[in-house]
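> Please find one structure pasted underneath; my questions will follow.
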Amino acid sequence: MRHNKKFNHLGRTSSHRSAMLSNMACSLFKHKRITTTVAKAKALKKFVEPLITKSKDDTTNSRRVVFSNLQDKMAVTVLFKEISAKVADRPGGYTRVIKLGKRDSDDASMCFIELVDYDDNMAKDKVVKKASRTRRSKAKVVRDSVVSEVKEEVAESAVDVVATPVDEPKADESTEKVDDAAK
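If you use this note's numbering, the sequence shown closes out at 966, no skipped numbers anywhere.
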């Protein structure tokens, strides 16, 4: 029975698992986003979040504790200088896991895990105010938003066109001669 056995072993020995999570955490701190499987990302999230919380308190002891887990001086420096400054006011939830689909070769569920404060695309979405939802279907909400966007684009690019009367074309003399010859 698996009573109180809560973490995923990821099919590895303890030393292999700790080395893998350490390397993945260093890559995450250096690149701010990495692509991996969902199981590894969830295990990495549990590994990384306490380290980021520890980095908020920049003391010698906290640096030693983080270094004992990461074993990479550059990653520790990036964590304590850049990342801890960005997440200073955040109470938790420093990482985000976004699923990408299945890997072609072995059908494994893939995702990317990223640091929340470093994603520029998501930060732009925060600025836009989200409309309140009513009890309509999702398709209608999407359609209404697309229609409103199109109306805004048309209103911005519309040019006032002055209506001019269209004159009747004058009959050519050559067509009159042809008409006379046909009679």
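C-beta atoms are modelled at their ideal positions from N, C-alpha and C, and glycine is treated no differently.
By a C-beta neighbour count over all protein chains shown, 10 Å radius and 16 as the cutoff for buried, is N852 buried or exposed?
To locate residue 852, count along the sequence shown from 1; it is residue 69. Result: buried.
> Mind pulling the beta strand (DSSP E) runs of 3 or more residues that sit fully within the region 811-847?
Complete beta strand (DSSP E) runs here, min 3: 816-820.
> Report the residue from I896, T820, T836, R795 whose alpha carbon sits nearest the alpha carbon of A868.
Taking the sequence shown and counting its residues from 1, one reaches residue 868 at position 85. Selected option, being the one with the closest Cα: T836.
> Can you list, in chain order, the residues of its chain with a C-beta nearer than 7 Å to that of Y901? Leave out the 5 residues immediately preceding and following it.
Here residue 901 is taken as the residue at index 118 of the sequence shown, counted from 1. These residues qualify, in order along the chain: K815.
> For the putative contact between T818 and S892, defined by C-beta atoms under 8 Å, what is the C-beta separation to the nearest angstrom?
Taking the sequence shown and counting its residues from 1, one reaches residue 818 at position 35. Taking the sequence shown and counting its residues from 1, one reaches residue 892 at position 109. In fact, because the Cβ distance is near 12 Å, the residues do not count as touching under 8 Å.
> Decide yes or no for the touch test of the region 838-847 against the region 785-802: beta carbon pairs closer than 8 Å, at least 3 of them.
No, because fewer than three Cβ pairs between the region 838-847 and the region 785-802 fall closer than 8 Å, the two stretches do not touch.
> Count the other CB atoms, across all protein chains shown, that sit within 10 Å of the CB of I881; report buried if there are 16 or more and exposed otherwise.
Taking the sequence shown and counting its residues from 1, one reaches residue 881 at position 98. The residue is exposed, with fewer than 16 neighbouring Cβ atoms inside 10 Å.
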